[in-house]
Amino acid sequence: MSVTTRPSSRPLARVRGLPDVAKLLAVYVATRVWGAVFIARAATEQAPSIWTGPHSNYFDMAQLWDAQWYKIIAESGYPDGLPVDQLGNVQQNPWAFFPGFPYTVKAVMAVTGLPFSPAAVALNLVLGACAVYVVMKVLQRVAGRRVGLWGAVLLCAFPAAPVLQIGYSESLALLLLALATWWLLERRYGWSALAVLALALTRPIVAPFAVVVLVHLVVRWRARARARGREPFPAGQALQVVGLGLLSAASSLLWPALVGLAVGSADAYERTQAAWRSGGVVQPFHQALGIARLLWGDRGPWYLALGAVVLVAVVLSPWGRRVGPELQAWTLAYPAYLLAVTEPWTSTFRYLLMLFPLWAIVAAALRSRWLLAALALVGLWWQVHWIDDLLLFHPPTDFPP
């Protein structure tokens, strides 16, 4: 007696039988096509501006906002000094933007002959694919195959994920962060250090990674103590971990130091950053508390505190423990760092792209693949609003993505 398989179930069975990398890349391509369709649609609605002509296309949209600064750096490099107004106040300028991404695009431009926007889009699509793959491997290493795959899928559907296909630095930064984390977990500390150095020249997010390294040091030390020496942690490796932590902390000062040397003023980077801040002030948590009060009045700081308590509870929950202590540390340290050094506003959505362990926690909590698929669809719906409300520039002034 033979058992026949219903024809309708065969395609689903074939999909389930695919390697995880094939499933993830299919999702990545599908979500990037989705983003491309709505970015192209937004281009037809883009009003003429200082950045676009009368008839915009996809590549015009891909070089809006911060991408314009990266374009300037890729094509012309950095200025000799800091531009100032008649009162001596530093104006917005390219020194605020790290060189890793624009100089990588410049290399692609030199090899291919492409102009900035097509070169940046092509580069970011490749880097983004590599990034989500490494993210999946990291998450699967700590949380298992299912959680890791779904965590990476939700990352592809994250509302700000279209930033992976325009002229921004997120694709490169996400890849370097994932590599630094992967090599740390694999105890390949030299390679992790190289990724940290590259990340330090790409985006200003290496400081909280020092917390991750510190937690890794404690984890290895405690494992050795509990195993009474059967879990090896030789002095040489301990020194490598300590060195990696110190490098991560010190690397946060690398680009500001290079800017100071190039311009001839030790506070050149800080003064440049102040040009982007409301009130021209750069102080830890000052902008975050100010935005909280702007949105919610005197209760704003209390709402921030409540949000922090909720995040800590989620990260320390049984689902949060699935991602391991190192990724738990990142999921707490990175948002705290953002509150300390950024002005939380519309750009915060794309900053949260780096918080990829949170999606693994969500995948661990939601065991139903239908609920996870529904959440991914909500993310795709939100991507449309991210494109229409933030990427699309509404002259004469607007809030950036």
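In numbering that gives the first Met the number 0, the protein residues as written are 0 to 400. Ideal Cβ positions, reconstructed from N, Cα and C, are used throughout, including at glycine.
Identity of the residues DSSP links to V83 by a beta bridge: In the sequence shown, the residue the question calls residue 83 occupies position 84. According to DSSP, which records beta bridges pairwise, V83 is partnered with V89.
Start-to-end residues for the alpha helix (DSSP H) that takes in A95: Translated into positions along the sequence shown, residue 95 becomes position 96. Premise fails: A95 is in no alpha helix (DSSP H) and is neither H nor E.
Rounded distance between the beta-carbons of P400 and T345, thought under 8 Å: As a working note, residue 345 is residue 346 in the sequence shown. As a working note, residue 400 is residue 401 in the sequence shown. About 7 Å separates the two Cβ atoms, so the contact holds.
Nearest-angstrom Cα separation, counted from R145 out to L371: For the purposes of this step, residue 371 is taken as the residue at position 372 of the sequence shown. For the purposes of this step, residue 145 is taken as the residue at position 146 of the sequence shown. Near 11 Å, if we compare the C-alpha coordinates of R145 and L371.
Residue burial classification, S1 (beta-carbon count within 10 angstroms, cutoff 16): Position 2 of the sequence shown, counted from the start, is the residue given in the question as residue 1. Low local confidence applies: a pLDDT of 47 at S1 is under 50, so the model's placement there is unreliable, with the coordinate-based value given in what follows. It counts as exposed.
Continuous alpha helix (DSSP H) stretch holding V313: start and end: As a working note, residue 313 is residue 314 in the sequence shown. Its alpha helix (DSSP H) spans residues 299–314.
L354 vs A287 beta-carbon contact at 9 Å: Here residue 354 corresponds to residue number 355 of the sequence shown, with the count starting at 1. Here residue 287 corresponds to residue number 288 of the sequence shown, with the count starting at 1. No. Outside cutoff.
Simplified DSSP state of I49, which is helix, strand or coil: The residue you call residue 49 lines up with position 50 of the sequence shown. Of the three classes helix, strand and coil, the one that applies to I49 here is coil, per DSSP.
Contact between the stretch 209–221 and the stretch 151–163 (3+ Cβ pairs under 8 Å): no
Residue closest to L113, alpha-carbon to alpha-carbon, out of W275, A237, F58: By 1-based counting over the sequence shown, the position of residue 113 is 114. Of W275, A237, F58, the residue nearest in Cα terms is F58.
V141 vs L326 beta-carbon contact at 9 Å: Mapped onto the sequence shown, residue 141 falls at position 142. Mapped onto the sequence shown, residue 326 falls at position 327. Yes, the Cβ-Cβ distance between V141 and L326 is below 9 Å.
G127 versus V20, A234, Y27, residue with shortest Cα-Cα distance: Your numbering for residue 127 matches position 128 in the sequence shown. Comparing Cα-Cα distances from G127 to each of V20, A234, Y27, the minimum goes to Y27.
First and last residue of the uninterrupted alpha helix (DSSP H) at S346: Here residue 346 refers to the residue found at position 347 of the sequence shown. No alpha helix (DSSP H) contains S346, which DSSP labels as neither H nor E.
Straight-line Cα distance separating L200 from T30: Residue numbering aside, residue 30 sits at position 31 when the sequence shown is read from its first letter. Residue numbering aside, residue 200 sits at position 201 when the sequence shown is read from its first letter. Taking the straight line joining both Cα atoms gives about 28 Å.
Sub-9 Å separation of L390 and A41 beta-carbons: On the sequence shown, position 391 is the one that residue 390 refers to. On the sequence shown, position 42 is the one that residue 41 refers to. Yes, Cβ-Cβ distance for L390 and A41 is below 9 Å.
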